[in-house]
Amino acid sequence: MRAGPDLFLIRWLLQGAAACLIVLAPGWASASSWAAPGITIIPRPADLRVTGETYAPPAGVVISPPPGDPGARRTAAYLAQELERELRRPVRIGPDGDIRLVRSRDPQPAEGYHLQVGARGVTLAAPDDAGLFYGAVTLVQLLERDGTGGFRLPGVEIVDAPRFGWRGVMLDSARHYQSVAWIRRFIDELARHKLNVLHWHLTDDQAWRLVIRKYPRLAEVGGWRVEAGQTARSGGVYTRADVRALVAYAAARHVTIVPEIDIPGHATAALAAYPWLGAGPAPPAPASGWGVYPNLFNPTPETMQALEDILDEVMEMFPSPIIHLGGDEALKDQWQASPEVQQRIRELGLKDETALQAWMIRRLAAHLAAHGRRMIGWDEILQGDLPDTAAVMSWRGVSRGLAAARSGHDAVLSPVLPLYLDYRQADGEGEGPGRGVFPLRLVYDFDPIPAGAGADPAAAAHVLGVQANIWTELLRSEARVEFAAFPRLAALAEVAWTPADQRDWPDFLGRLPRQLARYRSRGVNAADSALRVRISADISEGGRATVALNSQYPLGELRYTTDGTAPDANAPVYSGPFPAVLPAHVRAVRILGGAALPGAAEAVFPASGPDWSNGQLGLCTAKLALSLESEAGPVVRVDAENPCWLTPATGLGTGARLRLSLVSLPFNFELGEDVRQIPLDATAGDGGVLEARLDRCDGLLLATQILDDPSRSDRGAAILDLPPQSGRHSLCLQLRRSRLGPFWAVARTVLDPRPADQRQTPPAP
Ligand code: ACM
C-alpha cells in the first residue's frame with residue numbers, strides 16, 4: 025500500500041473550516057494599553073479566591089527559600105530572574121523576604137502548590153520542586169501595573185495542581201532545523217505555560233540531526249540537504265554538548281526532553297548515510313520533499329545491533345525515563361519486495377511485515393527496558409503485539425489511545441485534529457504557511473477524555489496526558505514555528521492543566537489580550553489571528569461597494585473608519601455590512617475597555633476594480649490544499665495537485681483586463697502512486713498555461729496565457745483580456761502544466777473592468 029488515505033492523507037489533507045476573503049494589515053496597539061489589570065493566569069488554576077487585598081512589592085524585593093533546600097533555591101533563582109525582567113529592578117534571594125517559599129507537609133497532588141498573596145507579602149508552599157516552580161510561574165502572571173508606574177499583586181489564595189502529568193509539545197527539528205539558542209527560548213515558553221514535556225523529533229526522511237559517535241555519518245550526511253529549488257546545502261546538527269546543555273536547561277524548568285528516533289520508517293536520511301541499514305535501494309541523499317517515503321530500516325542482526333548502539337547513545341544523552349521509537353507511517357513495500365527480509369520473517373517465525381515491525385519495536389523496547397527506560401511510540405505500534413510497559417501516542421484521533429488505555433497501556437493523546445499545530449489558525453492575509461485551519465477555540469475545546477471513555481476511571485488513569493505536535497515541513501523558520509505555536513499552546517496548557525469543569529472559553533478569551541501582551545514583551549512572534557479583523561468588500565457597478573468586517577472571536581467592540589484614520593474608542597461600532605464609495609480606505613479594530621486590541625486591519629479598495637490577494641481567492645479543489653511560503657515572499661494558498669483559484673463574483677464589464685502576479689513554488693511532495701492521478705497536459709510547455717473560465721472550472725473559456733518557465737524566476741506575471749460579459753461572475757483561474765516541477769501560483773489579481781480604450785495602465789501588481 026502507498027500513501028493512502030489512512031496515512032499521508034490524514035497528515036496532509038485534513039482540512040479545517042475555511043474562513044473567507046480578507047484584506048488586512050496586521051497591527052499592534054501599544055502593549056500597555058490593552059494589558060489591562062485583572063487576574064489573567066494561564067492555565068487557569070484549579071481553585072482561585074480573590075481576597076481583595078493588594079501587595080505592592082517594595083523597591084528591594086527579597087525572595088526567601090527555606091535554608092538548606094536546593095530545589096526551593098532553584099525556584100527562587102528562577103523567580104528572581106522572571107521578576108527582574110518584569111519589574112526592571114534587582115530582586116534578591118535572602119532571609120526574611122516578602123516572598124516566602126515553604127515546603128508544605130500537606131498532602132498535595134504531584135506538581136501542586138498553594139499560593140497566598142496578602143498585603144504583607146507572598147507565601148508559596150509546595151511539597152515537590154515542580155509545585156514550587158509552578159507556583160512561581162503563577163506568581164509572575166499575577167503581577168500588574170498599579171497605574172502610577174509601579175507594580176502590585178492582587179490578593180489571592182490559589183490551590184492548584186495539574187489535571188495531567190504529561191503536558192507535551194512535539195517539536196520537529198528534522199524537517200527544519202532550529203538553533204539551540206531558540207530551543208532554549210522555546211523551553212522557557214513551555215515552562216511559562218506549565219507544559220512539561222518537549223518531545224523532540226530528531227530523525228526523519230529529510231534529516232538526522234543527532235550526532236551519534238559510533239555512526240558519525242548519520243549527522244554528517246543526514247543533517248544537511250539541498251532543499252527543492254535550491255543548490256546549496258542547508259540544515260544543522262545537535263551535538264552531544266548541545267543536547268546535554270538543553271536537557272539541563274529544560275530540567276531546571278521542569279521540562280523533560282523525550283527524544284524520538286523514528287523506526288522503522290521515516291528513515292531516508294539515515295539510509296543515505298549508511299545504506300546497509302536499509303531494506304531497499306540506497307537513497308542518494310536525505311529527502312527534500314514532503315510526504316511519506318518508502319525507505320525502511322532492515323531487520324538484519326547488524327542493523328538491530330546498530331539501532332541498539334544508537335539507543336545506547338541516546339540514553340547517555342537524554343535522562344528521560346521514556347524514549348520515543350516512532351513506528352508511524354512505515355509503508356511495507358520494501359520489506360515485501362526484499363527476499364532477504366522475507367527470509368528473515370520466516371526465520372523469526374513471524375506472520376507478515378506488520379508482525380516484523382512489532383518484533384523490531386519489541387526488541388528495541390526490551391533493550392530500553394534493560395537500561396531502566398520505557399518506550400513510547402505512535403499509535404501504529406498497536407498493530408502488533410506490544411510490550412506491556414509501552415506507552416502509545418495516539419495521533420490518528422484519540423480512539424486508539426483510549427482503547428490502549430482500556431487495555432492497560434499508558435497513552436498520550438495528540439490527535440491530528442486539533443493538536444497538529446502545522447494547521448493554520450486562520451485563513452487569509454497575514455497568516456503563516458500551513459495546512460487547513462484549526463483555530464484557537466478548536467484547541468481550547470479539545471476534550472481529551474470524552475464522556476463514555478471517562479466513565480472508566482481505570483482507563484482514564486492510563487491517559488498520561490495530551491500533546492500538541494509542531495511538524496515543520498511548511499514552517500521554515502523559528503518565527504514561523506512561534507506563530508504556529510502561540511497562542512494555541514496557551515489553549516493546550518489549559519486543556520492539559522486545568523480541571524475540565526473549570527475550563528471556560530469566554531473567560532480564556534478575556535485573558536487572551538494580556539497573554540498576547542506577555543508574548544510581545546518577551547519577543548515571541550505569537551499569532552493575533554483570533555482577534556484579527558478581516559475586511560472584505562463586495563464591489564458592485566458604478567464605483568460602489570459593500571464592506572463587511574469580521575474576526576474569529578467577538579471580544580470587545582468592532583469599530584472602524586472609512587477615512588484612513590486609525591479607529592479608536594469613538595469610531596463607529598460595526599453593526600453589519602455598510603456601503604462605501606470607491607476608492608475606499610477602511611480601517612478597523614476591536615476595542616476593549618477603551619483600548620485597541622491586537623489585530624487591527626486596513627484595506628484600500630481602489631476605484632479601478634477589485635484587487636484580490638491570494639488569501640481572498642477560493643481554491644477550486646482541496647486535494648493537497650496547503651498554504652506555502654514562496655521564495656518570493658508571499659504565503660500562498662494552493663492545491664498542489666490542482667493549482668486553480670476562484671475569484672469572488674464581480675462585474676466584468678465590456679472587456680475587462682485581469683493582471684496577475686505569480687510566484688513560483690517547488691513541487692516537492694512524495695505522493696507514491698497517487699502522483700499518477702495528477703492531470704498533466706503535454707502541450708502546456710515549460711511554464712504551463714493559465715486559463716480563465718466563466719463562473720466554474722468547466723465553464724466557458726474566456727482567455728489563456730502561456731507562462732514563462734517557473735524554474736527561471738521566483739516571480740512571474742500574466743495578463744488575461746476577457747471578452748464582454750453582462751452581470752456578475754466569478755472566474756476560475758486554472759494552471760495547466762506539462763510536468764510536476766516548479767509551478768506558478770497566483771499571488772494577486774487586479775481586475776480592471778474598463779474597456780481597452782478607457783484603461784490607463786495601472787501600476788504592475
Ligand atoms: C505522524 O503524524 N506521522 C505521527
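In the working numbering, the protein residues as written are 25 to 789.
All C-beta atoms, glycine included, are put in the ideal place defined by N, C-alpha and C.
Predicted model, so just to flag it, every value in this text is computed and none were measured.
Residue i burial status per 10 Å Cβ neighbour count (16 or more: buried)
i      : result
ASN692 : buried
THR773 : buried
ASN220 : buried
GLY617 : exposed
GLY173 : exposed
THR671 : buried
LYS238 : exposed
TRP300 : exposed
ILE473 : buried
VAL365 : buried
THR162 : buried
LEU372 : exposed
Span separating the alpha-carbon of residue i from that of residue j
i      : j      : result
ILE65  : THR227 : 36 Å
LEU426 : TRP669 : 41 Å
GLY302 : LEU222 : 29 Å
ARG717 : LEU684 : 15 Å
PRO591 : PHE175 : 30 Å
THR589 : ALA612 : 10 Å
MET399 : ALA382 : 13 Å
VAL548 : PHE470 : 24 Å
ARG527 : LEU166 : 19 Å
GLN701 : ASP196 : 30 Å
GLU694 : ALA306 : 17 Å
LEU536 : THR522 : 16 Å
TYR317 : ASP336 : 27 Å
THR585 : ALA631 : 18 Å
LEU177 : THR147 : 13 Å
ARG790 : MET194 : What is shown of the chain runs 25 to 789, which leaves residue 790 out entirely.
ARG116 : ARG169 : 21 Å
ASP698 : ALA708 : 21 Å
ALA59  : ALA309 : Any answer about ALA59 is weak, because its pLDDT of 41 lies below 50 and its placement is not dependable; what the coordinates show is given next. Looking at the two C-alpha atoms, the distance is approximately 50 Å.
ILE281 : TRP232 : 17 Å
MET339 : VAL235 : 13 Å
ARG761 : ALA664 : 12 Å
ASN493 : PRO151 : 31 Å
CYS721 : LEU331 : 52 Å
ALA680 : ILE559 : 24 Å
LEU466 : LEU513 : 12 Å
Closest by C-alpha distance to residue i, when choosing among the options
i      : options                        : result
ASP352 : GLY289, ARG368, LEU392, VAL610 : GLY289
GLU790 : LEU641, VAL610, ALA620, GLU694 : Because the chain is modelled from 25 through 789, residue 790 falls outside the range shown and cannot be assessed.
TYR577 : PRO530, TYR447, LEU125         : PRO530
ARG144 : GLY121, THR162, ASP130         : GLY121
VAL490 : LYS218, PRO119, VAL141         : LYS218
GLY155 : PRO178, GLY142, ARG127         : ARG127
ALA215 : ALA311, LEU103, ALA256, ARG129 : LEU103
PRO703 : PRO667, VAL85, PRO690, GLY696  : PRO667
ALA390 : LEU410, ARG720, ILE207         : LEU410
SER258 : SER88, ARG500, LEU621, LEU513  : ARG500
ARG459 : VAL467, LEU466, ALA450         : ALA450
PHE210 : PHE510, GLY313, ARG264, PRO82  : PHE510
ARG763 : PRO690, PRO748, THR728, PRO69  : PRO690
ARG368 : TRP224, CYS644, PRO325, PRO601 : PRO325
SER651 : THR645, VAL660, ASP446         : VAL660
8 Å contact criterion, which residue i and residue j should meet: CB distance rounded
i      : j      : result
GLY740 : LEU731 : 6 Å
ILE385 : ILE334 : With a Cβ gap of about 14 Å, ILE385 and ILE334 do not count as contacting.
LEU320 : GLN360 : So it is not a contact: roughly 10 Å between Cβ atoms.
VAL164 : ASP71  : Not confirmed; about 19 Å, so no contact.
LEU682 : LEU759 : That pair is no contact at about 14 Å.
LEU388 : LEU380 : The Cβ separation is near 13 Å, so there is no contact.
LEU464 : ALA515 : 6 Å
CYS756 : GLY723 : 6 Å
PRO779 : THR674 : About 16 Å separates the two Cβ atoms, so there is no contact after all.
TYR598 : LEU582 : 4 Å
ARG208 : TYR273 : 6 Å
Checklist line | Three-pair Cβ contact test at 8 Å for the stretch 135-142 versus the stretch 85-102 | finding: no
Margin query: Under 8 Å: do the stretch 429-440 and the stretch 414-421 share three or more Cβ pairs, one atom per stretch?
Written below: yes
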